[in-house]
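For the sequence shown, my numbering gives the first residue as 8, with consecutive numbering after it. Down below is the structure, laid out as structure tokens.
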Amino acid sequence: MNIFESIFNRRSVRKYVMEPLEDSLLEKIRKMIDNVSVLDDSCRVEFEIYENLNKKSQVKGIFKADAPYYLIVYCDDNPRAYRNAGYAAEQLVLYMTTKEIGTCYLGSGKIGPKEKNGLKQFLIISFGRAEGTLYRDMEEAHRQPLASLCTYKDEPGEYLKKILKAARMSPSSLNSQPWRFIVYSDRVYVFMKKEAFPQPKLLLSMRNFDMGIMLCHIMIAAEEFWMNMETVTEEQYAKKKYKNGEYICTIIFNS
Ligand SMILES: Cc1cc2nc3c(=O)[nH]c(=O)nc-3n(C[C@H](O)[C@H](O)[C@H](O)COP(=O)(O)O)c2cc1C
Numbered sequence: 008m009n010i011f012e013s014i015f016n017r018r019s020v021r022k023y024v025m026e027p028l029e030d031s032l033l034e035k036i037r038k039m040i041d042n043v044s045v046l047d048d049s050c051r052v053e054f055e056i057y058e059n060l061n062k063k064s065q066v067k068g069i070f071k072a073d074a075p076y077y078l079i080v081y082c083d084d085n086p087r088a089y090r091n092a093g094y095a096a097e098q099l100v101l102y103m104t105t106k107e108i109g110t111c112y113l114g115s116g117k118i119g120p121k122e123k124n125g126l127k128q129f130l131i132i133s134f135g136r137a138e139g140t141l142y143r144d145m146e147e148a149h150r151q152p153l154a155s156l157c158t159y160k161d162e163p164g165e166y167l168k169k170i171l172k173a174a175r176m177s178p179s180s181l182n183s184q185p186w187r188f189i190v191y192s193d194r195v196y197v198f199m200k201k202e203a204f205p206q207p208k209l210l211l212s213m214r215n216f217d218m219g220i221m222l223c224h225i226m227i228a229a230e231e232f233w234m235n236m237e238t239v240t241e242e243q244y245a246k247k248k249y250k251n252g253e254y255i256c257t258i259i260f261n262s
């Protein structure tokens, strides 16, 4: 399974075998951490692998999962930084999926050092060998249909359709799937859905992180189909207030 295929087969794993992973595998994950690509050069993100085989620490937070390892995500404290962190973290999560390692984002979970190089701990990702099934068929994933996520201004080409399918599969906090798209044949306007009521800061930060995960899926799918893509922020849309969503970026594709 390659990283693109893993987008469609990954599921969150909440039960783990409390056994160590091979050193060589942990070394590969560390290499991936060093080589992860970012969405925004101006934002900082750092990762730390926290081994908890002997359960020396308790995960703090609700909806937690006991796991032999946690990937701690540290980042700056602003929406762009959360999106950047989600984009980077998802590359690691998908990489681990290809290596048959189970993962689960734990949005309210905390473990280990609270700060790293001046960055605050944002969330943690449990990982290790899954107790039970690691993969699933994409039809089993609870995701909204593309028709509810997209407003089509043009009929998308075959590859753009596949890219949108990959975006749709993204995991999100509380499975909220906040992404919305306005689709033209060569570009996609990306919006983050607004809820009817103002969201608490933690939920909003998670939603931005979710958007980063989704942008990572778009990047991986575009690479799979050899599509060049450019992500830009168009000031005229960024400045505007929309009733149902917040403009995030425009993705321009050239095949
Ligand atoms: C930012 C983020 C935070 C999450 N936090 C939690 C959590 O605290 N506890 C949990 O069990 N799952 C958590 N999840 C997992 C989601 O519930 C899960 O991705 C979503 O329900 C879709 O299911 P799937 O990943 O199996 O496709 C989180 C996911 C994301 C992306």
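Beta carbons: idealized from backbone N, C-alpha and C, even for Gly.
C-alpha gap between residue i and residue j, whole angstroms
i    : j    : result
S192 : I258 : 11 Å
E202 : M145 : 27 Å
I56  : L78  : 5 Å
Y89  : K247 : 21 Å
E122 : H224 : 28 Å
G219 : V190 : 19 Å
P163 : F70  : 39 Å
S133 : K169 : 29 Å
G252 : Q206 : 13 Å
V197 : E237 : 13 Å
R87  : E241 : 15 Å
L153 : Q184 : 11 Å
Q65  : L167 : 43 Å
L32  : V239 : 36 Å
P27  : G119 : 18 Å
F54  : N42  : 12 Å
F204 : D30  : 47 Å
V195 : E34  : 37 Å
A245 : M226 : 21 Å
H149 : N9   : 22 Å
I40  : E147 : 30 Å
S44  : N61  : 32 Å
Q151 : D48  : 32 Å
Inter-residue CB distance, residue i and residue j (contact presumed, cutoff 8 Å)
i    : j    : result
A74  : G135 : 5 Å
E107 : V24  : Wrong, their Cβ atoms sit about 12 Å apart, outside the cutoff.
R21  : T104 : Their Cβ separation, rounded to whole angstroms, is 15 Å, which puts R21 and T104 out of contact at 8 Å.
L99  : I36  : 7 Å
L101 : S13  : 5 Å
M199 : I255 : 5 Å
V52  : Y81  : 7 Å
R117 : K67  : Looking at the sequence itself, residue 117 is Lys, so the reference to Arg does not match. With 8 Å as the limit, K117 and K67 qualify as a contact, their Cβ atoms being about 4 Å apart.
F15  : A228 : Contact doesn't hold; Cβ gap of about 10 Å is too wide.
L171 : L46  : At roughly 18 Å, the Cβ-Cβ gap does not stay under 8 Å, so L171 and L46 are not in contact.
C50  : D84  : The Cβ separation is near 10 Å, so there is no contact.
Classification of residue i by the beta-carbon crowding that lies within 10 angstroms, buried from 16 upward
i    : result
R187 : buried
K38  : exposed
N59  : buried
L209 : exposed
Y249 : exposed
F260 : buried
Q243 : exposed
A72  : buried
Heavy atom of ligand 2 within 7 Å of residue i beta-carbon
i   : result
S19 : Among the ligands in the structure shown, ligand 2 does not appear; only ligand 1 can be found there.
Notebook entry, point to check: Per the contact definition of three or more C-beta pairs closer than 8 Å, is the stretch 209-216 in contact with the stretch 177-187?
Noted result: Yes: the two stretches touch, three or more of their Cβ pairs being nearer than 8 Å.
Next item on the list: Could you say if the stretch 100-113 and the stretch 228-238 meet the contact criterion of at least three C-beta pairs nearer than 8 Å?
Entry: No contact exists between the stretch 100-113 and the stretch 228-238.
Notebook entry, point to check: Does the pairing of the stretch 89-100 with the stretch 139-146 give three or more beta-carbon distances under 8 Å?
Noted result: The stretch 89-100 makes no contact with the stretch 139-146; the number of CB pairs closer than 8 Å stays below 3.
Margin query: Count Cβ pairs between the stretch 146-162 and the stretch 120-134 that sit closer than 8 Å; are there 3 or more?
Written below: Not touching, per the Cβ criterion.
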